[in-house]
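Sequences listed follow chains X and H, in order.
At position 111 of the first sequence the residue is numbered 111 (this note's numbering), and the sequence of numbers has no breaks.
Position in the second sequence counted from 1, then plus 1000, gives you this note's numbering.
Even for Gly, the Cβ is constructed at its ideal location relative to N, Cα and C.
Each remark here refers to the structure printed beneath this line.
Protein chains: 2
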Amino acid sequence: MTLRKSAPQRAAANAEALRRLGAAAPVLLDVRPAGEVVPGFSRDTILTSGPTLPWPQYVGGQRAAVLGAALFEGLAANETEAERRIAEGAIKVRGCQELKCIGSLAGPYSASMPVFVVQNRAAAGDAGNFGYCSIYEGTNHRRLNYGVYDEGVRDRLRYVGDVIAPALGEAVRSTGGIPLKPIMVSALHMSDDLHSRNTAASLLFCRALFPGLLAMAATRREAAEKVVQALTEDHYFFLRLSMAAAKSTADAITGIEGSSVMSAMAFNCRGFSIRVAGLGETWFNGPHATVEAVLFKGHSQDEITWMGGESPITETIGLGGFAQAAAFPLQKYQGGSPEGMVKRNLSLYNITVGENPDFRIPFLQYRGTPTGVDIFKVLDTGIRPLMNIGVAGRDGGQIGAGTVQAPIECFQLAAKAYRERYGDE
Amino acid sequence: MTLRKSAPQRAAANAEALRRLGAAAPVLLDVRPAGEVVPGFSRDTILTSGPTLPWPQYVGGQRAAVLGAALFEGLAANETEAERRIAEGAIKVRGCQELKCIGSLAGPYSASMPVFVVQNRAAAGDAGNFGYCSIYEGTNHRRLNYGVYDEGVRDRLRYVGDVIAPALGEAVRSTGGIPLKPIMVSALHMSDDLHSRNTAASLLFCRALFPGLLAMAATRREAAEKVVQALTEDHYFFLRLSMAAAKSTADAITGIEGSSVMSAMAFNCRGFSIRVAGLGETWFNGPHATVEAVLFKGHSQDEITWMGGESPITETIGLGGFAQAAAFPLQKYQGGSPEGMVKRNLSLYNITVGENPDFRIPFLQYRGTPTGVDIFKVLDTGIRPLMNIGVAGRDGGQIGAGTVQAPIECFQLAAKAYRERYGDE
């Protein structure tokens, strides 16, 4: 029974988890095709959000996104062939997080798609662990990560891969690496939550890149201008960097013996799942989350569908819904009132181990964001983690944005597994 | 008695003032030396903040700033000569606003100093009226506009004039003009008040300049880099653009017959003054304002001194203190609590004619900022306009930041003049 953990031992393990979440120092090092830089990413790999499912279980927009990624990569000539090759195992479909990637909505990755390469330099080990995230496709509501694949989507993916990513990568490399935490800290003081609003962070990132872009402009001005345009055209560009930073931060607590702190939250088309630091890489699955959404014009609530999503990794480290009182402009985008946002944000302190030393909320007199969700506090209080998310429609595409609450079942299953491993105390 | 105004006539005049304040469309057209672009700015002109005073009445930091500007311009070889030449009238010292300029703190201008050229394209008349503002000297607390002139200050002024301004002007001209209102509207959603915090606005302005700066990079990359550095090194660069925009906005209501809406607030070293739309360019003077300040380390309250300031032109159009509930990060810089900032901001709706159609406060569910101070409402309620300001020290330099309340005497004098002109109705 050496695994048995007393309450003080669990508290100590959770304090260590909080310490690592606070000490994380994610640095953007490069932008490269996934197949070149992500360990284990073979030419025939397709990633998608959430715990890996048997192929027949992928449905709707998430299935469409996987097939679209296979077609985009040239792994099949058409959907029928892609279906067959996946079923045969010639194309391998896996959950993003198996390869330290993190998926936005359906989260489709194929080998040639560029990814942000982020290293958590404060993480244990000589070099620090890595996290990867794909690049925002742009403002069009019809995107591969929202389950749509057609000529327009393909062209935008090519534009990102052939034009934006190489220039962005060149500028990033010329800086020697861009520390992301200072950008994130400042952005929270400029009304971003770093999940559904990344307006300031995208500008601050653009400013950090600017010396590199100026150097490029001497010979390739158009490329530099296109990067600036891609970075600042709406509120979302930095989200993928926030997600890669959060992934590398959260992974640093995976495997802390005895810790009951949640280390990931993710959707796939079948439901919602969490991981717990002291329980390794096991997913604990529940039903779909409940959602309150504001929909874009012309859409209705019955269109809302689930096709995956791993961006709640940002909430896992104390951002997004856990920093909503820093981002009052979100009321226009996803609904809610400022007073409600403050109240909800405050309630989350009841389920976390502590407060973030760096991520702070001006309206709460610079109190640190609630950080490190303890699964037992969730079960004791009945307060479930709250997330700010984009909402997908039945026919593909983004149809709105809203807030969701994690289902309690994941926490019940995780607590059961924790007790089985560590005992009842 | 044709001047006599009934209450409905006054209300209509004030509604027109509110309309013009809301309709303003300030556009940055150029950056040029004051002597080249400001009508009436002769080689021997020195401007300084507040209503023009007889030379002997300028004291302390404001006098030092005027003398420093004269020396910087080479109008005298030393302070004694400058004093003599001013006394003789060979150097002309005037209040900034006589020439449509607007002064930050002591507000020193000389002919070679570069200014932002802003046109209010929505103002009455074919071309729209102009406003001008000098350029931020940089992060050093010892600056000419805070009453300090020495070699370091001179070198920084030269750097701004010789390096930053020409490159900035080139980038601005290459864009064909930069509309400032969209930047200001967005910045209020990113925790700026556009008086004491301009962090987001400076970044957004920088982003608007990027295409011009990238074009410059081919031949003058270093200059482009220096401009970006100057724009983003702290929270203040955009203030001068906010001030020039506000000046061109407020001037558009000057002369509306019968309006009791305040059209300017300004300090000089002798006191605080206001203008009223229906009373032309007359200043109504009161004593110094009362201040609540947070001082930089090593400074004490007894050092606080008054050496002028026209940045409350931003409050005049519904920004700064009138938008403080948009800028909770100010609590760290100038004191106060978020709850207090909300309460104070709300109280200002009691003294304004209406709400700004464009400048909106996310925390107040996007309510427009209180805009258009009616001097009679100030007198009826006893609520005085509140401003966010930088605080100057006795020995020169900025020593902190805080909030001030306008003295009631200005409003009493203005009301008396209004009644004399328009009757007692």
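On a Cα-Cα basis, can you pick out the residue from the options that is closest to residue i?
i, options, result
"GLY74(X)", "MET307(X), SER112(X) and ARG94(X)", "SER112(X)"
"GLY1335(H)", "MET1216(H), ALA1017(H) and THR1403(H)", "THR1403(H)"
"PRO166(X)", "ALA223(X), ALA200(X), LEU180(X) and VAL118(X)", "ALA223(X)"
"GLN324(X)", "LEU231(X), MET190(X) and ILE164(X)", "MET190(X)"
"GLY1212(H)", "ARG1154(H), ALA1171(H) and SER1006(H)", "ALA1171(H)"
"GLU315(X)", "SER300(X), GLY340(X), LEU348(X) and GLN398(X)", "LEU348(X)"
"ALA967(H)", "ARG1043(H), VAL1066(H) and VAL1373(H)", "The question about residue 967(H) has no answer here: the residues shown for chain H are numbered 1001 through 1425."
"LEU1279(H)", "THR1045(H), LYS1343(H) and ALA1415(H)", "ALA1415(H)"
"SER1134(H)", "ALA1200(H), ALA1076(H), ARG1004(H) and ALA1106(H)", "ALA1106(H)"
"MET387(X)", "LEU180(X), PHE411(X) and GLY318(X)", "GLY318(X)"
"VAL291(X)", "ALA277(X), SER248(X) and GLY390(X)", "GLY390(X)"
"GLY1050(H)", "HIS1299(H), LEU1364(H), PHE1272(H) and VAL1148(H)", "PHE1272(H)"
"PRO40(X)", "GLN57(X), SER110(X), ARG20(X) and GLN62(X)", "Contrary to the premise, residue 40(X) reads as Gly rather than Pro in this sequence. Among GLN57(X), SER110(X), ARG20(X) and GLN62(X), the Cα nearest to that of GLY40(X) belongs to SER110(X)."
"ASP1395(H)", "ALA1293(H), PHE1072(H), GLU1137(H) and VAL1148(H)", "VAL1148(H)"
"LEU1157(H)", "GLY1340(H), GLY1068(H) and VAL1342(H)", "GLY1068(H)"
"LYS92(X)", "LEU53(X), SER259(X), MET265(X) and GLY61(X)", "LEU53(X)"
Helix, strand or coil, according to DSSP, for residue i in the structure here?
i, result
"ILE399(X)", "strand"
"ASN78(X)", "coil"
"ASN14(X)", "helix"
"VAL93(X)", "strand"
"ALA1326(H)", "helix"
"VAL1227(H)", "helix"
"ALA293(X)", "strand"
"TYR1109(H)", "strand"
"LEU194(X)", "coil"
"THR1316(H)", "helix"
"ILE389(X)", "strand"
"VAL1059(H)", "coil"
"ILE1102(H)", "strand"
"THR1282(H)", "coil"
"MET216(X)", "helix"
"ALA1123(H)", "coil"
"MET1243(H)", "helix"
"VAL38(X)", "coil"
"THR1048(H)", "strand"
"SER260(X)", "coil"
"ARG1032(H)", "strand"
When burial is assigned at 16 or more other CB atoms within 10 Å of the CB, is residue i buried or exposed?
i, result
"GLU1088(H)", "exposed"
"THR1080(H)", "exposed"
"GLU1233(H)", "exposed"
"GLU1310(H)", "buried"
"LYS1005(H)", "buried"
"THR219(X)", "exposed"
"SER42(X)", "exposed"
"LYS1100(H)", "buried"
"ALA1090(H)", "exposed"
Within 8 Å (strictly less), CB to CB, does residue i reach chain H?
i, result
"HIS195(X)", "no"
"GLU225(X)", "yes"
"TYR236(X)", "no"
"SER337(X)", "yes"
"MET1(X)", "Model confidence at MET1(X) stands at a pLDDT of 45, short of 50, so the residue's coordinates are unreliable; what they give is reported in the following sentence. False, the Cβ-Cβ gap to chain H never drops below 8 Å."
"TYR366(X)", "yes"
"GLN331(X)", "yes"
"HIS189(X)", "yes"
Beta-carbon of residue i versus every beta-carbon of chain X: anything under 8 Å?
i, result
"VAL1228(H)", "yes"
"PHE1296(H)", "no"
"SER1259(H)", "no"
"PHE1359(H)", "no"
"ARG1419(H)", "no"
"THR1232(H)", "yes"
"PHE1328(H)", "yes"
"PHE1363(H)", "yes"
The ligand ZN and residue i: does any heavy atom of the ligand fall closer than 7 Å to the residue's C-beta?
i, result
"ALA1070(H)", "No copy of the ligand ZN appears in this structure; indeed no ligand is present at all."
For this session: May I ask you to list, following chain order, the residues of the segment 191-220 of chain X that have a beta carbon less than 9 Å from some beta carbon of chain C?
Result: Although the question refers to chain C, the structure presented lacks it and instead comprises the protein chains X and H.
Problem set entry | Unbroken stretches of the beta strand (DSSP E), 3 residues or longer, contained in the segment 1129-1181 of chain H | Restricting attention to beta strand (DSSP E) runs no shorter than 3 residues, the segment 1129-1181 of chain H encloses them at 1129-1134, ordered along the chain.
For this session: Please list the segments of the alpha helix (DSSP H) lying wholly inside the segment 337-385 of chain X, counting only runs of 4 or more residues, in order along the chain.
Result: Counting whole runs of 4 or more residues, the segment 337-385 of chain X contains the alpha helix (DSSP H) stretches 338-347 and 375-381.
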